[in-house]
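Working notes, beginning with the structure itself.
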Amino acid sequence: MAETDSDSASPHSHSQHSHSHSAASTTSAGGGGNRMTFVQSAIGYHSLWLKLFVLFLYLFFSGLSNWAVLSYTHDIIPRDPLPDILFRLIPEQKWASFWGDMMVTACLIQLILMIVFHSFRSVILRRALFILATLYLMRSAVLLATQLPSGYTNNTVMCREQLNHSGPSVFFSRLFEQTIRLGFQEKSGMLCGDLLFSGHTLVMIICSLTIGYYIPRPIRALQWVVHACAAFGMLCLIISRTHYTIDILIAYWLSCFVFRSYHAYCEVDLCMERRRSCLSGFLFSHAVDWIESDIVPGRIENRLSIPFKDLLEKDAESRGHHKQVSLSSSSSLAFS
């Protein structure tokens with residue numbers, strides 16, 4: 001899960017490209033340079049918000065597809081758990097289920113903090129949303145293809161009662177319940193059947209890989225906190241019987257594959273070279289081209305910054321300007 005050389009700069013520095021591009025556009029525009037810069041900024045912000053909206057929508061519908069599959073498969077899965085190598089070695093530990101959920105939450109909090117304080121927060125956010133949504137869509141296909149029985153020692157207690165003839169009303173009732181709760185369930189009376197591809201592991205691994213990839217060099221040692229949380233969380237998922245060992249392995253391998261493939265494609269220094277690479281044959285490459293259309297090809301520079309710094313500086317300048325105006329007005333009144 002650890003990432004090496006996270007600060008190795010590409011031949012074309014992201015910040016240098018942005019600087020030279022803006023300077024050139026201002027110079028060529030002459031007197032209208034400020035107007036051109038303002039228009040370009042406005043278009044860029046609208047494009048960014050559109051992309052974020054589409055990506056959040058993509059993630060929501062990917063999650064919705066997971067909940068829809070679970071609402072359907074609950075009534076058709078068998079109740080007898082399958083053999084598992086770690087189940088034979090370690091008895092079921094019910095306390096570990098809580099800590100598995102806590103580790104997912106801890107990984108998400110660390111990822112959010114890094115995105116908020118990273119200089120290229122919008123770039124990382126877009127990439128993380130797309131990767132998570134794509135993996136959840138893949139998970140829906142896996143869950144629908146093959147259903148495994150839950151691994152709990154007593155599935156009849158942990159899982160909700162199965163219905164022999166569940167119609168559309170039951171399906172949509174379950175789907176609505178899952179949507180309202182964003183997929184979270186009580187630890188008894190659950191909908192069971194979302195195995196073979198662990199959603200918990202998916203989230204923890206993407207958080208771990210993203211932090212390891214984008215964390216700046218001076219604080220790189222902090223990445224081991226999220227790596228430890230992810231490793232402990234995966235262990236808790238197995239010993240609590242929330243997931244089989246195979247669920248964890250499949251989620252780990254697919255998450256690493258999608259994350260590495262996306263970033264390998266983005267790190268190709270020229271857009272034309274991207275289209276010639278073998279990765280352009282993937283279905284998601286066209287979506288990635290759209291997401292990355294305003295980002296300079298190559299690896300971004302990993303550095304931290306204060307969020308909303310520009311807005312804070314403008315607010316401070318505005319207050320200083322108003323203060324100067326009020327002082328000059330009062331002095332002119334005094335002399336008159």
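Be aware that the sequence shown starts at 1, since it is given in the UniProt record's numbering, and climbs by one per residue. Virtual Cβ for every residue (Gly too), placed ideally from N, Cα, C. Small disclaimer: the values here were computed from a predicted structure and weren't measured.
{"Item": "Residue 111 versus 82, 229, 291, residue with shortest Cα-Cα distance", "Value": "229"}
{"Item": "For residue 249 and residue 202, believed in contact at Cβ under 8 Å, the rounded distance", "Value": "Contact flag wrong, Cβ pair sits at about 12 Å."}
{"Item": "Cβ neighbours of residue 24 in the same chain (closer than 8 Å, five flanking residues each side left out)", "Value": "Only weak support is given to the placement of residue 24: the predicted model assigns it a pLDDT of 39, under 50, and the value that follows is read from those uncertain coordinates. No residues qualify anywhere along the chain."}
{"Item": "Residue closest to residue 180, alpha-carbon to alpha-carbon, out of 67, 158, 220, 162", "Value": "67"}
{"Item": "Cβ-based burial, residue 83 [other Cβ within 10 Å; buried from 16]", "Value": "exposed"}
{"Item": "Beta-carbon proximity check, residue 175 vs residue 65, cutoff 8 Å", "Value": "no"}
{"Item": "Straight-line gap, residue 238 to residue 47 (C-alpha atoms, nearest Å)", "Value": "43 Å"}
{"Item": "C-alpha gap between residue 392 and residue 99, whole angstroms", "Value": "It is not possible to answer for residue 392, since the shown part of the chain is limited to 1 through 336."}
{"Item": "Residue closest to residue 216, alpha-carbon to alpha-carbon, out of 114, 253, 149, 307", "Value": "114"}
{"Item": "Which residues DSSP lists as bridging residue 159, in chain order", "Value": "190"}
{"Item": "Same chain, Cβ closer than 7 Å to residue 122, five either side skipped, listed in chain order", "Value": "48"}
{"Item": "Cα-Cα separation, residue 164 to residue 79", "Value": "14 Å"}
{"Item": "Stretch-stretch touch, CB-based, cutoff 8 Å, three pairs: the segment 141 to 151 with the segment 185 to 194", "Value": "yes"}
{"Item": "Assumed close pair residue 93, residue 240 - CB separation to whole angstroms, cut-off 8 Å", "Value": "6 Å"}
{"Item": "Residues near residue 258 in its chain [Cβ-Cβ closer than 7 Å; skip 5 each side]", "Value": "131, 134, 135"}
{"Item": "Where residue 34 falls, given that 16 or more other Cβ within 10 Å makes a residue buried", "Value": "Note on residue 34: pLDDT 49, under 50, position unreliable in the model; the coordinate value appears next. Under this definition residue 34 is an exposed residue."}
{"Item": "Boundaries of the alpha helix (DSSP H) in which residue 265 is found, first to last residue", "Value": "245 to 266"}
{"Item": "Distance CB(residue 139)-CB(residue 55) smaller than 8 Å", "Value": "no"}
{"Item": "Close-in-space but distant-in-sequence residues of the same chain around residue 142 (CB under 8 Å, 5 per side omitted)", "Value": "196, 197, 250"}
{"Item": "Rounded separation between residue 74 and residue 162 - CA only", "Value": "7 Å"}
{"Item": "Reference residue 301, options 279, 255, 214, closest by Cα", "Value": "214"}
{"Item": "Anticipated Cβ contact below 8 Å, residue 119 with residue 303, distance rounded", "Value": "5 Å"}
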